[in-house]
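These notes are about the structure you will find just below.
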């Protein structure tokens with residue numbers, strides 16, 4: 001249907017996340033923690049400032 005072999009699909013499914021994807025997941029967890037800790041009132045500028053204060057410099 002999509003031109004992908006069954007074996008190729010299952011190999012992709014069990015493949016571990018890349019280092020970049022793992023870093024993205026960790027950053028997302030931090031962002032969610034900060035946002036929920038602010039009672040969901042912090043927007044991106046404040047979340048970014050909190051991340052910077054924690055030593056995690058990221059762009060928006």
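Numbering (UniProt numbering), first residue to last: 1 to 60. We put the beta carbon where it would ideally sit given N, CA and C, even for glycine. Predicted, not measured: the structure shown is a model, and the values here were computed from it.
May I ask which residues mark the beginning and end of the alpha helix (DSSP H) holding residue i?
| i | result |
| --- | --- |
| residue 35 | 19-37 |
| residue 44 | 44-53 |
Which residue from the options puts its Cα closest to that of residue i?
| i | options | result |
| --- | --- | --- |
| residue 56 | 45, 46, 27 and 21 | 27 |
Give the secondary structure of residue i by DSSP, where H, G and I count as helix, E and B as strand, and everything else as coil.
| i | result |
| --- | --- |
| residue 16 | coil |
| residue 7 | helix |
- Message: Measuring CB atoms only, is the region 42-52 touching the region 25-34, in the sense that at least three cross pairs come out at less than 8 Å?
- Response: yes
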